[in-house]
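Trainee:
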Amino acid sequence: MKLSYLVLPFCCAASLAQAAEPPVQQYHYGLPLDIAKVISIDAPYDPYVCEIIDARMTYLNSAGETRVVTYRKLSAGCLLKT
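Put into structure tokens, the structure is as follows:
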């Protein structure tokens, strides 16, 4: 019974952390974006492979809300090849 008292707060904290995650929106050409500040841009990095990859940008809009958009782009290997 004591173990359940120790586990319960961690389960509740995990569910709250998941609830705080902003919804992810897939970018399409012409989608209007209200970007006031870019927080992060995440994309897999492999300088030896040239392919289309999925990237993720987290940003703040003009109202101060955190938003996430995913988009497709060329990998770093495409830009570094000569």
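Residue numbers for the sequence shown, in mature numbering (1 follows the signal peptide of the UniProt record, and there is no 0): -19 to -1, 1 to 63.
Cβ coordinates follow ideal geometry from the N, Cα and C atoms, glycine included.
#1: Under a Cβ-count criterion, where at least 16 other Cβ atoms within 10 Å of its own Cβ denotes burial, should Tyr40 be classed as buried or exposed?
#2: Is the separation between the beta-carbon of Asp35 and that of Thr51 shorter than 7 Å?
#3: Please classify Ser43 as buried or exposed, where buried requires at least 16 neighbouring CB atoms within 10 angstroms.
#4: Check each candidate in Arg53, Met38, Pro28, Leu60 and name the one with the smallest Cα separation from Lys18.
#5: Under a three-way DSSP split, which group does Leu12 fall into?
Mentor: By the coordinates alone:
#1: buried
#2: yes
#3: exposed
#4: Met38
#5: coil
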